[in-house]
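There are 2 protein chains.
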Amino acid sequence: MTAGDRAAERRAHLIGAVLDLIDGGGIPAVSMRAVATAAGVSLAQVQYYFRSKDQLIVEAFRHICRDVEGRAAAVGFDGPARSVLRALIDLWLPVDERLSRDARVWLAFSAEATTRPSLMSFAAAVDEELREAFAQILRRASESGELSPAADPVAAAAGLLAVIDGLVVQSLVLDEPERAGFLAPRVEAHLDLLFLSSREKGGGQGGVIEERT
Amino acid sequence: MTAGDRAAERRAHLIGAVLDLIDGGGIPAVSMRAVATAAGVSLAQVQYYFRSKDQLIVEAFRHICRDVEGRAAAVGFDGPARSVLRALIDLWLPVDERLSRDARVWLAFSAEATTRPSLMSFAAAVDEELREAFAQILRRASESGELSPAADPVAAAAGLLAVIDGLVVQSLVLDEPERAGFLAPRVEAHLDLLFLSSREKGGGQGGVIEERT
């Protein structure tokens with residue numbers, strides 16, 4: 012293990028402590044001292060790796076973003092756009108304990124960011140990045156004729172991110188076992204609005220059956 | 012002024028202090044003592060009107076809900092469903108200082124509720140009520156042929172509330188002057204997905220012009 016590896020490992024250990032603190036008591040539970048105590052290290056060690064409480068919070072949120080990105084890289088992007096999007100969305104929906112923790116940290120971060128300029132710009136940049144990633148997939152779906160002609164890829168990307176964010180906020184005030192059943196059909200219903208059904212794409216036989224002449 | 016009026020006025024004064032505290036420092040800024048100080052009354056007076064910190068927070072959030080409901084009652088429900096919905100949505104989008112405060116309080120409340128069962132059920136009940144109110148309007152839109160046949164009123168109501176919640180979260184990390192420009196086109200784009208255009212409803216001449224035979 013190199014010195015760089017060791018430093019990365021220590022930072023990750025401290026970030027883990029920050030995430031647990033936010034999950035338990037929100038952003039106010041985070042202080043340099045509380046992180047030192049939770050991680051079982053000295054205050055000086057926390058100060059060696061992180062400048063301030065704000066940096067701790069931003070790095071903790073960045074860690075969650077990088078984690079989702081890492082898992083997103085394992086999603087195959089070759090299939091139908093709708094399946095690709097669904098697989099990406101499923102990486103984030105809070106349907107188990109770990110994902111719920113991440114979503115709670117995101118929500119606490121979002122609430123805190125509304126009054127702290129240093130967090131605000133980071134939160135806005137993450138949203139922008141996600142909209143762009145969705146738009147890229149939806150542009151491809153538009154070119155391949157999967158997207159409804161009524162949907163503009165850029166507008167649809169913004170709408171999709173909004174739906175996901177809103178559903179996550181709403182699902183977090185439900186008991187965890189109820190969340191999957193709340194989220195899945197609502198995500199599908201929104202994708203139904205954006206994507207043509209196989210029948211509309213001209214592949215189905217429904218139209219023929221319904222013709223009575 | 013009756014004794015009842017005076018009590019209502021005092022409660023409202025205390026709730027105003029709670030809202031300002033949440034807006035300035037989030038839920039952790041609220042305590043019985045902090046509210047007494049901010050409102051310029053004794054701790055005993057706060058305790059006379061409110062049992063606990065949780066009750067203060069729930070009542071502050073309920074106050075915002077009642078305020079929106081009150082303004083919603085002034086919206087005429089007779090026009091086209093899309094205009095009615097748009098007018099209701101505009102009561103909530105954080106495009107000025109007062110509405111931004113209300114939205115920040117909602118977001119702080121939502122984040123706090125994820126780990127506090129006493130707040131959780133209230134937050135979930137408010138969401139459910141809003142979905143039902145939207146569904147009622149969308150059912151009428153479906154019957155009158157305004158809604159796209161692809162949209163189910165109940166699913167569309169849930170999607171609409173999710174879009175609004177998500178857009179509000181995202182807009183709160185933008186500078187206030189940017190918010191209206193961020194929100195309005197995205198709300199319209201989502202309503203475009205749900206409602207038929209005048210042309211699709213059979214009123215437009217576009218189809219005739221495009222026929223070449």
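These protein sequences, in sequence, are chains A and B. So for the first sequence, the working numbering puts the first residue at 12; every next one is plus one. So for the second sequence, the working numbering puts the first residue at 12; every next one is plus one. Glycine is no exception: its CB is placed at the ideal position from the N, C-alpha and C atoms.
Enclosing alpha helix (DSSP H) for residue i [first to last residue]
i	result
residue 22 of chain B	14-36
residue 104 of chain B	Counting along the chain, residue 104 of chain B falls outside any alpha helix (DSSP H), and DSSP gives it neither H nor E.
residue 79 of chain A	64-83
residue 48 of chain B	43-50
residue 57 of chain B	54-60
Whole-Å CB distance - residue i paired with residue j, under 8 angstroms assumed
i	j	result
residue 96 of chain A	residue 202 of chain A	7 angstroms
residue 57 of chain B	residue 41 of chain B	Not confirmed; about 11 angstroms, so no contact.
residue 112 of chain A	residue 169 of chain B	Not really, about 25 angstroms apart at Cβ, beyond 8 angstroms.
residue 184 of chain A	residue 126 of chain B	About 10 angstroms separates the two Cβ atoms, so there is no contact after all.
residue 175 of chain B	residue 119 of chain B	17 angstroms between Cβ atoms; not a contact.
residue 74 of chain B	residue 38 of chain B	Not quite, the Cβ-Cβ distance comes to about 15 angstroms (not below 8 angstroms), so this is no contact.
residue 6 of chain B	residue 121 of chain B	In the structure displayed, chain B extends from 12 to 224; residue 6 of chain B sits before or after that span and is not available.
residue 79 of chain B	residue 102 of chain B	6 angstroms
residue 93 of chain A	residue 157 of chain A	6 angstroms
residue 68 of chain B	residue 110 of chain B	At roughly 20 angstroms, the Cβ-Cβ gap does not stay under 8 angstroms, so residue 68 of chain B and residue 110 of chain B are not in contact.
residue 90 of chain A	residue 173 of chain B	Between residue 173 of chain B and residue 90 of chain A the Cβ distance is about 25 angstroms, and since that is not below 8 angstroms, they are no contact.
residue 207 of chain B	residue 106 of chain B	In fact, because the Cβ distance is near 28 angstroms, the residues do not count as touching under 8 angstroms.
residue 99 of chain B	residue 116 of chain B	About 19 angstroms separates the two Cβ atoms, so there is no contact after all.
residue 162 of chain B	residue 205 of chain B	5 angstroms
residue 83 of chain A	residue 179 of chain A	The Cβ separation is near 16 angstroms, so there is no contact.
residue 11 of chain B	residue 200 of chain A	With chain B represented from 12 up to 224, any question about residue 11 of chain B goes unanswered, as that position is not in the structure.
residue 164 of chain A	residue 149 of chain A	4 angstroms
residue 181 of chain A	residue 138 of chain B	5 angstroms
Cutoff 8 angstroms: residue i Cβ touching any chain D Cβ
i	result
residue 170 of chain A	In the displayed structure, chain D is absent; the protein chains listed are A and B.
Proximity test, residue i beta-carbon vs the ligand ADP heavy atom, cut-off 7 angstroms
i	result
residue 168 of chain B	The model on display carries no ligand, and the ligand ADP is accordingly not part of it.
Task: Length-filtered (4 minimum) alpha helix (DSSP H) runs lying within the segment 155-212 of chain A - done: 164-182, 187-205
- [ ] Could you please tell me which residues of the segment 40-74 of chain A, in chain order, have their CB closer than 8 angstroms to any CB of chain B?
- [x] none
TODO: Quick one: which unbroken alpha helix (DSSP H) runs of 4-plus residues sit fully inside the segment 87-144 of chain B? Chain order, please.
DONE: 92-101, 108-124
Open item on the list: At a CB distance below 7 angstroms, what residues from the segment 172-190 of chain A approach chain B? Give them in sequence order.
Closed with: Interface annotation for the segment 172-190 of chain A against chain B: 172, 173, 174, 175, 176, 177, 178, 180, 181, 183, 184, 185, criterion Cβ-Cβ distance under 7 angstroms.
Task: Within 7 angstroms of chain A by C-beta, residues of the segment 128-141 of chain B in sequence order - done: 131, 134, 135, 138
Task: Members of the segment 197-216 of chain A that neighbour chain B once the beta carbon cut-off is set at 8 angstroms - done: Those residues of the segment 197-216 of chain A placed with their C-beta closer than 8 angstroms to a C-beta in chain B are 197, 200, 201, 203, 204, 205, ordered along the chain.
- [ ] Please list the residues of the segment 117-128 of chain B that have a C-beta atom closer than 8 angstroms to any C-beta atom in chain A, keeping them in chain order.
- [x] Residues 118, 119, 121, 122, 123, 124, 125, 126.
TODO: Scan the segment 153-164 of chain A for residues whose Cβ lies nearer than 9 angstroms to a Cβ of chain B and list them as they occur along the chain.
DONE: From the segment 153-164 of chain A, only 159, 161, 162, 163 have a Cβ closer than 9 angstroms to chain B.
Open item on the list: Can you pull out the residues from the segment 78-100 of chain A whose beta carbon lies closer than 7 angstroms to at least one beta carbon of chain B?
Closed with: none
Task: Residues within the segment 27-40 of chain A neighbouring chain B, beta-carbon criterion of under 7 angstroms - done: 37, 39
- [ ] Anything in the segment 100-116 of chain A with a Cβ closer than 7 angstroms to a Cβ of chain B? List those residues in chain order, please.
- [x] 115
Task: Residues within the segment 13-25 of chain B neighbouring chain A, beta-carbon criterion of under 8 angstroms - done: none
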